[in-house]
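Notes for the one structure printed next.
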Amino acid sequence: MNRKKQQAIKSAESVAALRAAAYKEKDKNLRCSDDLASCFLNTPYRLLTSIRPHKLLKKILHKMSPGSYHFAITRTKHFDEILKKEALNGIEQLVILGAGYDTRAIRFQDLLKSVDVYEVDFYATQENKQKILHKKVKDIPENIHFIPVDFNKDSFEAALEFHGFETDKKTLFLWEGVSYYLPEAVVRHILRFVSSCKNGSSIVFDYALEKFVKGDYSTFGGEEIAKWLKKIQEPFLFGLEPTQTTTFLTECNLTLCSDLSPEELEQKYLKTQSGEIAGKTLGHVHMAHAIV
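Positions 0 to 291 (numbering that gives the first Met the number 0) are the ones given, in order, by the sequence shown.
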């Protein structure tokens, strides 16, 4: 397996590890509902997430990468919230771009019974995911379509259409942890494809601040993320400043619904049962939701 494929699997595992840790959160306001995340962990990550008490685990995660644990909570909760809302609003298709070890198609299968779900990602990650799911999940919903794609090389829209995707159906796109690794031209291409879908379709995605991409790592957790990116040789290529987001999306024929800053995400998703903010999320990432 080449380095790129290995890194894709490692990246998916690291994200799953944070979700697995968040599933064990003692405070129900912070707890994530991903009860399947731990299924995808290799031995080191299983040992890490089994550390007790949970307070000690959080301290270790904070030391390793300040903000990443709380970022996983905010992103998981935000994407889950929009998925539930859009499912109730009658989406006909769900596309998960760069799905990794995302488990929403299974966790929300009751909401998605009449929705065609398309998971798009590297072949190596998908192959590994399907092997694990067949071992761990008794009944995998039949409406899930696994589509192998390299966003930098392949026509993901052609692959989608080959598997039955239709642009004249109301669709929600989830694009988690991907945009910043792609060139701007590819980001624009993907967003314009979303805009070709039926009115009412939408996309939720996270994006890095342009200043971080250009080397300003002064935001919370920025230095550690920059070191990690250098280590894995996967630099961020794309970023926006919040003042640019509306215009950028308009150029892609989309309308911005929301663009949450780290501070807004903390206020919305990191309040404990006692009303305190549990901690800080990564300071260089926003989460946007845009509609056709």
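The beta carbon of each residue, even a glycine, is placed where N, CA and C say it ideally should be.
With contacts defined by Cβ atoms closer than 7 Å, residue 38 and residue 18 do not form a contacting pair.
Counting only runs of at least 3 residues, the segment 219-264 fully encloses the following beta strand (DSSP E) elements, listed from N- to C-terminal order: 254-259.
With respect to the C-alpha of residue 34, the residue from 173, 102, 249, 147 having the closest C-alpha is 102.
Per the coordinates, the alpha-carbon of residue 291 lies some 21 Å from the alpha-carbon of residue 113. Here residue 201 really is in contact with residue 85; their C-beta atoms are around 7 Å apart, less than 8 Å. Spatial neighbours of residue 186 in its own chain (CB-CB distance under 6 Å, excluding positions within 5 residues in sequence) are listed in chain order as 178, 237. In this structure residue 165 is exposed. Its beta-carbon is surrounded by fewer than 16 other beta-carbon atoms within 10 angstroms. For residue 118, the pairing in a beta bridge is given by DSSP as 95, 145. At a Cβ-Cβ threshold of 7 Å, residue 107 and residue 280 do not count as neighbours.
Contiguous beta strand (DSSP E) elements confined to the segment 15-78 do not occur, taking only those with 3 or more residues.
Here residue 97 has 119, 120, 150, 174, 175, 176, 177 as same chain residues with Cβ atoms under 8 Å from its own Cβ, once five neighbours each way along the sequence are excluded. Each of 58, 13, 140, 129 was checked against the Cα of residue 111, and the nearest Cα belongs to 140. The beta carbon of residue 168 lies closer than 7 Å to those of 91, 92, 197 in the same chain, with the five residues before and after it left out. Across the structure, residue 123 and residue 7 are spaced so that their CA atoms are roughly 8 Å apart.
About 7 Å separates the beta carbons of residue 68 and residue 61, which is inside the 8 Å limit, making them a contact pair.
Setting aside the 5 residues that flank it on each side, residue 59 is surrounded in the same chain by 50, each with a C-beta closer than 7 Å to its C-beta; the list follows chain order. At least 7 Å separates the beta-carbon of residue 248 from that of residue 259. Around the beta-carbon of residue 286, 16 or more other beta-carbon atoms lie within 10 Å, marking it buried.
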